[in-house]
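Novice:
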Amino acid sequence: MKLAETVTFGGSGLDRAAYIRGDEARLGKALKGDDPVVLPIWRGKPLMADGPDGSVLMWLAGDHSGLADAPAERLFLGLDDGVMRFAADVSAWQPEALDTEAMNSFADESLQMHPAIEGAHFRELRLAMTELTPRDAELAATANAMLGWHRSHRFCAACGKESQFADAGWKRQCPACNTQHFPRTDPVVIMLITNGNDLLIGRSPGWPEGMYSLLAGFVEPGEPMEAAVRREVFEETGVTVGAVNYLSSQPWPYPSSLMFGCIGEATSRDITLDPVELEDAVWISREDLTMALAGHHPTILPARKGAIAQFLMENWLADRLD
Ligand SMILES: [Zn+2]
22 MKLAETVTFG GSGLDRAAYI RGDEARLGKA LKGDDPVVLP IWRGKPLMAD GPDGSVLMWL
82 AGDHSGLADA PAERLFLGLD DGVMRFAADV SAWQPEALDT EAMNSFADES LQMHPAIEGA
142 HFRELRLAMT ELTPRDAELA ATANAMLGWH RSHRFCAACG KESQFADAGW KRQCPACNTQ
202 HFPRTDPVVI MLITNGNDLL IGRSPGWPEG MYSLLAGFVE PGEPMEAAVR REVFEETGVT
262 VGAVNYLSSQ PWPYPSSLMF GCIGEATSRD ITLDPVELED AVWISREDLT MALAGHHPTI
322 LPARKGAIAQ FLMENWLADR LD
């Protein structure tokens, strides 16, 4: 698909500069200066400020007091037009009043202001992602996925001892048994399943009322992507799928997925729901989907802005999947 990399989180050509990851002297020097080079992330929310076109990422100097709650190690993200960029996990910071209801909601609109950081706030990346430049989006997605991995993989999977941050964050090393652990990316298929003029969409239990999206599911070990598309669609709806093709991918750092956008031709139409996975699934016509994406459909709401599901649906409607 020609437009594949224009999806949100579709990449900005960030130079990840792996050769610098072991260069302690160079990493240390960049973190000692006054240059704002560190992106703090609090419980999955990057530090942001209001820019002219929406949110922009906010960077702090290596020794800024707003980073006091972060572990000493800094994750090296790469070279952003020659500027070294890092991220730090400040999740240990406890705001005075926390809106836990908002934090646990489907779309957390709450902002957290750190007393040591002026003119910025921690904001949910899913709400800000379409406002960020492609470069900021790639940096934030990488930082979120990597710091989330460090949080959830503290202990060695081979021997159970606490492992150590290594290679500027791109590895964890076990001091007890010497096993090396590398960051995870979990493949997920998400698919346009078509039948003539119609598209198969569904909704999971717990989603906001009226919200539907493309079917999706994790690829299982040993399973090709195409087979995962056919299996997931059949398990969730009983619909059988013939030819499957790959369209576009989207890193989805909540916490560590890589979405593979595919298109498959349905070879049956009858829907038998798996009630654990789906609350409802329907065939929607091009005309009805156009209304839904514009927010004019009486019962179906548009999918989340910036998510690959919406990107694929819009391009399917516009005949731009080539
Ligand atoms: Zn170990």
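So for the sequence shown, the numbering used here puts the first residue at 22; every next one is plus one.
The beta carbon of each residue, even a glycine, is placed where N, CA and C say it ideally should be.
Since the structure is predicted, the reported quantities are computational estimates derived from the model, not experimental observations.
#1: Going by the DSSP bridge assignment, what does K353 pair with across the sheet?
#2: Mind checking which residues open and close the beta strand (DSSP E) that includes G10?
#3: Have a look at D55 and L81 and give me their C-alpha separation to the nearest angstrom.
#4: In chain order, what residues place their C-beta within less than 6 Å of a heavy atom belonging to ligand 1?
#5: Based on Cα-Cα distance, which residue from L213, T215, P208 lies nearest to P351?
#6: For E256, collect the residues of the same chain with a Cβ closer than 8 Å to its Cβ; drop the 5 residues on either side in sequence, then sort them by chain order.
#7: Secondary structure at D219, three-state DSSP: helix, strand or coil?
#8: Around the C-beta of F203, are 16 or more other C-beta atoms found within 10 angstroms, so that it is buried, or is it exposed?
#9: Between A46 and L52, what straight-line distance do the alpha-carbon atoms span, to the nearest angstrom?
#10: Considering only heavy atoms of ligand 3, does any lie closer than 7 Å to the CB of P67?
#11: Check the C-beta distance from R333 over to G285 and give it rounded, since I have them as a contact under 8 Å.
#12: Can you name the residues that DSSP bridges to L96?
#13: So that I know if they touch, is there some Cβ in chain C lying closer than 8 Å to that of M232?
#14: Can you tell me whether N218 is buried or exposed, with buried defined as 16 or more other CB within 10 angstroms of its CB?
#15: Rank L60, I214, M134 by C-alpha distance to the C-alpha of S289 and give the top, closest one.
#16: Once the 5 residues before and after Q344 are set aside, which same chain residues still bring their CB inside 7 Å of it?
#17: Judging by CA-CA distance, which residue of E335, W273, D340 is the nearest neighbour of E159?
Specialist: To lay it out plainly:
#1: Outside the displayed span of the chain (22 to 343) sits residue 353, for which this structure offers no information.
#2: Lying outside 22 to 343, the shown extent of the chain, residue 10 is not represented and no answer is given.
#3: 9 Å
#4: C177, A179, C180, K182, C195, A197, C198, T200
#5: Absent from the model: residue 351. The displayed extent of the chain is 22 to 343, so no value can be given.
#6: G238, D295, E298
#7: strand
#8: exposed
#9: 10 Å
#10: Annotation note on ligand 3: not contained in the displayed structure, which lists ligand 1 as its ligands.
#11: According to the sequence provided, residue 333 is Leu. The question's Arg does not apply to it. With 8 Å as the limit, L333 and G285 do not qualify as a contact, their Cβ atoms being about 12 Å apart.
#12: A108
#13: Among the protein chains of the structure shown there is no chain C, as only one such chain exists.
#14: exposed
#15: I214
#16: The structure shown does not extend to residue 344, since the chain spans only 22 to 343, so no value can be given for it.
#17: W273
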